[in-house]
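**Q** Residue 0 is where the sequence shown starts when you use numbering that gives the first Met the number 0, and the numbers rise one by one after that.
Idealized CB from N, CA, C, for every residue including glycine.
Keep in mind the model is a prediction, meaning the values are calculated, not measured.
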Amino acid sequence: MKTNKQIILFLTFMLLIILSLTVYHTVKANQEESLLFVYLDPGHGGFDGGATSIDKSICEKDINLKVCFYLKNYLEKTNIVVKMTRNKDVALSKSKKEDIHKRVELINKSNCDIYLTIHANAYPSSSVRGFQTFYSSNKQQNEYLAKTIQTSLQMLDKENKRLPKIITGKYVLDNTTKIGCLVEIGFLTNEIDLQKLTDDTYLEKMAFQIYLGILNYIEESRQI
Numbered sequence: 000m001k002t003n004k005q006i007i008l009f010l011t012f013m014l015l016i017i018l019s020l021t022v023y024h025t026v027k028a029n030q031e032e033s034l035l036f037v038y039l040d041p042g043h044g045g046f047d048g049g050a051t052s053i054d055k056s057i058c059e060k061d062i063n064l065k066v067c068f069y070l071k072n073y074l075e076k077t078n079i080v081v082k083m084t085r086n087k088d089v090a091l092s093k094s095k096k097e098d099i100h101k102r103v104e105l106i107n108k109s110n111c112d113i114y115l116t117i118h119a120n121a122y123p124s125s126s127v128r129g130f131q132t133f134y135s136s137n138k139q140q141n142e143y144l145a146k147t148i149q150t151s152l153q154m155l156d157k158e159n160k161r162l163p164k165i166i167t168g169k170y171v172l173d174n175t176t177k178i179g180c181l182v183e184i185g186f187l188t189n190e191i192d193l194q195k196l197t198d199d200t201y202l203e204k205m206a207f208q209i210y211l212g213i214l215n216y217i218e219e220s221r222q223i
């Protein structure tokens, strides 16, 4: 019985690899005709550390940046143009309000096809965990992008039952004029998530799943 289960898991894994490679090569072929431009926004930076672990030793700003660098690397290998609102541990202004306004300004003034803002979360209850995508209702495509990324991320944790969710009151999502979404990659206040988010191997896997979600969004958008 155990052997049968292992065989099924192995075959499922191989099928996912084949599907991923199919999407990759299809999108890569399409990119030869038309480059796409993705803007990545690693949340916080500099004086603004963002969410922290319970003992305050880990800040989300560093984790966000790592994920974006991994993601940038994957995207550029597919001939996709990538820009980042920051590429080191800096804030974009002297205040949090001005910083977030600057991020929106950079994205809106660009000709990017999509943007992603990457964050890690925190919550008073340490039992709360899991990644989740959020989007604004100001563009219909936002929901579809959030869904394709969330679906891809589910491969990292089948027990994560979170779904893409509309959210309001987030300045970046509310004020950008481009297609995009927020990716909350986990909770620094949860022991399980914290262990994963401080593991570079896991962060690279997460970036790869986000990347596959973007490829699926691009490919299926071409067919609409």
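#1: Looking at the secondary structure, which residues open and close the beta strand (DSSP E) in which residue 120 lies?
#2: Can you tell me which of 128, 166, 122 puts its alpha carbon nearest to the alpha carbon of residue 141?
#3: Residues in its own chain within less than 6 Å of residue 209 by CB, not counting five upstream and five downstream?
#4: With a threshold of 7 Å between beta carbons, is residue 156 in contact with chain B?
#5: Quick one: what does DSSP say residue 54 is sitting in, helix, strand or coil?
#6: If you count every other CB in all the chains shown that lies within 10 Å of the CB of residue 212, and 16 or more means buried, which is it?
#7: One question on the structure: do residue 185 and residue 113 come within less than 7 Å of each other, judged by their Cβ atoms?
#8: So, at 6 Å on beta carbons, what are the nonlocal neighbours of residue 133 in its own chain, with the 5 sequence-adjacent residues on each side left out?
#9: Taking all protein chains shown into account, decide if residue 123 is buried (16 or more other Cβ within 10 angstroms of its Cβ) or exposed.
**A** According to the structure shown:
#1: Within the sequence shown, the letter at position 121 stands for residue 120. Unbroken beta strand (DSSP E) run through residue 120: 113-120.
#2: Taking the sequence shown and counting its residues from 1, one reaches residue 141 at position 142. Nearest neighbour of residue 141 by Cα position, chosen from 128, 166, 122, turns out to be 166.
#3: On the sequence shown, residue 209 is found 210 positions in, with the first residue counted as 1. The residues 70, 148, in chain order, have a CB closer than 6 Å to that of residue 209 in the same chain once the five nearest residues on each side in sequence are set aside.
#4: Protein chain content of the structure displayed is limited to a single chain, and chain B is not contained in it.
#5: Counting from one through the sequence shown, the residue named residue 54 turns up at place 55. Residue 54 falls in the coil class under three-state DSSP.
#6: Residue 212 sits at position 213 when you count from the first residue of the sequence shown. Buried.
#7: Walking along the sequence shown from the start, residue 185 turns up at place 186. Walking along the sequence shown from the start, residue 113 turns up at place 114. No.
#8: In the sequence shown, counting from the first residue as 1, residue 133 sits at position 134. Closer than 6 Å at the Cβ level, and outside the excluded window around residue 133, lie 164, 166, 181.
#9: As a position in the sequence shown, residue 123 is number 124, starting the count at 1. It counts as exposed.
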